[in-house]
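Residue numbering for the sequence shown is -18 to -1, 1 to 227, as defined by mature numbering (1 follows the signal peptide of the UniProt record, and there is no 0).
No residue lacks a Cβ here, since even glycine has one placed at the ideal position from N, Cα and C.
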Amino acid sequence: MKRILCVLVLLIPAVAFGSEASKVFYDGIAHYEKGRYDDALTSFLSITEQGIENGKLAYNLGNTYMQKGDLGRAVLWYGRANRLMPKDPDLVFNRNLALSQVKDRQEETANPVVSVLFFWKQGLPLKTLQGLAIGAGCLFWTLLALAVLLRRMPLKTAAAATGVFFALLAATALWDTAADARIQKGVVLPEAVSVRSGLADTATELFTLHAGSRVTVEQERNGWIRIAFAQGKIGWVKKESVGVI
């Protein structure tokens, strides 16, 4: 692993957690560095139980689970860290390393035409997309104001082109924001889990997923959840088999 414990975590000020939680966090780091991974987990998880969300904390939980050989929970916590600090290079490397060890592979189902038309979505975090939309909007209104005041054709052309780009970015950002709020993503936690046709251990086994596989959580009922792994691969698993990102 590139850098199991990101040095940046040592720079987090005490106010990021509060004095007591900060002490527990640094205790966790000390345990980790000495190879006491169970103790490190106890420290880090006790902070999350206080309702605290922090990218570095989630990142270090992912690292600790990787050291313990728990791929499912490592991918889960890297996924949670990715929501909070998607551009962190150490996170990107370690998360990709963990994902490379996942046995199940999802087939690409995106329409290639859509992928070309909306190329800017590839690899862009939602916050980056939102920032680009805001920037394009500011540029559009600036160019439009100048075009009206100066009555220059090049400015009108530039304003029109920027307006189209702004509209596309804004629509994409709004769509992704709504989807992000609506769709729950999860990660398979056990080494292997049977995905069944119904809410019972006796229901037909449709397929098997392994630790670290990422799924969409569609529905919860009576201690079971309905998940979608890929096109045509949908079924039920026990709730404790999947961690929600």
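Local Cβ density within 10 Å of residue i, reported as buried at 16 or more and exposed below that
i, result
"L99", "Because L99 sits at a pLDDT of 49, beneath the cut-off of 50, its placement in the model cannot be relied upon, and the point is left open."
"A63", "buried"
"F148", "buried"
"T46", "buried"
"L156", "exposed"
"A141", "buried"
"R133", "exposed"
"V84", "buried"
"L73", "buried"
"V146", "exposed"
Nearest candidate by alpha-carbon position, reference residue i, set the options
i, options, result
"E202", "T110, K221 and N45", "K221"
"A182", "P68, G205 and N76", "G205"
"D86", "W218, V170 and I34", "V170"
"K109", "G180, R133 and P68", "P68"
"R77", "G51, Y41, A174 and S176", "Y41"
"Q213", "Q88, L150, G10 and L131", "Q88"
"S28", "V146, D9 and L191", "D9"
"T30", "W123, G(-1), E200 and S82", "G(-1)"
Sequence-distant residues of its chain with Cβ nearer than 6 Å to residue i (five each side left out)
i, result
"V197", "G168, I209 and F211"
"L121", "T144"
Beta-carbon proximity list for residue i, same chain, < 7 Å, skipping 5 on both sides
i, result
"H13", "D21, A22 and S25"
"Q32", "A3"
"V95", "In this predicted model, V95 has a pLDDT of only 49, less than 50, meaning its place in the structure is not dependable enough to derive any value."
"K50", "Y19"
"S176", "E187 and T190"
8 Å CB neighbourhood of residue i in its chain, flanking five on each side removed
i, result
"P172", "G54, A193 and S223"
"A80", "G44, M48, L53, A56, V57, Y60 and G194"
"L137", "L125, L128 and A129"
"R178", "A185, T186, E187, L188, G217, W218 and V219"
"V(-12)", "Below a pLDDT of 50, predicted positions are generally treated as unreliable, and V(-12), at 39, falls in that range; no measurement from the model is reported."
Pair within 8 Å by beta-carbon distance, residue i and residue j
i, j, result
"G44", "Y60", "yes"
"G113", "D70", "no"
"I227", "R65", "yes"
"F75", "L39", "no"
"G117", "A152", "no"
Test: residue i CB closer than 8 Å to a CB of chain B
i, result
"V224", "No chain B appears in the structure shown, which is made up of a single protein chain."
*In chain order, which continuous runs of the alpha helix (DSSP H) of length 4 or greater are located wholly inside the region 36 to 74?*
37 to 49 and 53 to 66
*What runs of the beta strand (DSSP E), each 3 residues or longer, lie entirely inside the region 138 to 185?*
166 to 170 and 174 to 178
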